[in-house]
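Everything on this sheet refers to the single structure shown next.
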Amino acid sequence: MTWENPSNEQLKQLLTDAKTLAVVGLSDKPERTSYQISEAMQKQGYRIIPVNPTVDEVLGEKSYSSLQDVPDDVDIINVFRRPEHLPAIAEEAAQTNCKVFWAQQGIVNQEAYDFLKEKDFTVIMDLCIKVVHAVLVKG
Numbered sequence: 001m002t003w004e005n006p007s008n009e010q011l012k013q014l015l016t017d018a019k020t021l022a023v024v025g026l027s028d029k030p031e032r033t034s035y036q037i038s039e040a041m042q043k044q045g046y047r048i049i050p051v052n053p054t055v056d057e058v059l060g061e062k063s064y065s066s067l068q069d070v071p072d073d074v075d076i077i078n079v080f081r082r083p084e085h086l087p088a089i090a091e092e093a094a095q096t097n098c099k100v101f102w103a104q105q106g107i108v109n110q111e112a113y114d115f116l117k118e119k120d121f122t123v124i125m126d127l128c129i130k131v132v133h134a135v136l137v138k139g
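Just so you know, the UniProt record's numbering puts 54 at position 54 of the sequence shown, and the rest follows in order with no gaps.
Given below as structure tokens:
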């Protein structure tokens with residue numbers, strides 16, 4: 001099965017209902033896209049939880065080494081890693097209570113998509129969460 005994103009209505013509902021985003025691969029460098037997009041989402045009222053074993057804190061939030069280490073409930077797992085890393089991150093995501101996996105613009109991995117769909121995840125790939133939020137939620 002070829003990957004397919006949810007409808008705009010579903011994306012809008014996901015972002016409207018979500019409060020907490022775990023951001024895998026969030027950099028502590030302000031010039032990086034992951035930082036800029038996460039900062040923008042934080043300014044829109046979302047709690048950002050960094051998941052990056054190489055940093056202690058990003059955007060005023062404690063960073064965790066893996067998704068399993070995050071003690072809080074997460075509504076969306078937002079991924080800023082290269083496509084070849086997605087299957088391993090998908091396996092990690094399946095061990096959490098979260099059921100939404102969002103790979104940023106330019107990131108697609110069919111193996112991860114198929115695995116997550118079998119686990120009843122909502123999977124979004126190759127879309128920027130900030131752009132989708134600006135267009136569908138803020139409108």
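All residues carry an ideal CB built from backbone N, CA and C; glycine is no exception.
Nearest-angstrom Cα distance between Leu-67 and Gly-139? Taking the Cα positions, Leu-67 is about 31 Å away from Gly-139.
CB-CB under 7 Å to Tyr-113, same chain, minus the five flanking residues each way: which ones, in chain order? Contacts found: Trp-3, Val-123, Met-125.
Are there 16 or more other CB atoms within 10 angstroms of the CB of Ala-90, so buried, or fewer, so exposed? buried
DSSP three-state assignment for Val-131, whether helix, strand or coil: helix
Close beta carbons around Glu-92, own chain, < 7 Å, minus the five adjacent residues each side: Here the set comprises Ser-66, Leu-67, Gln-68.
Would the beta-carbon of Val-132 fall within 8 Å of that of Leu-15? yes
Who does Phe-121 pair with in a DSSP beta bridge? According to DSSP, Phe-121 bridges with nothing at all.
If you compare alpha carbons, which of Pro-50, Tyr-46, Gln-44, Gly-45 is closest to Tyr-35? Pro-50
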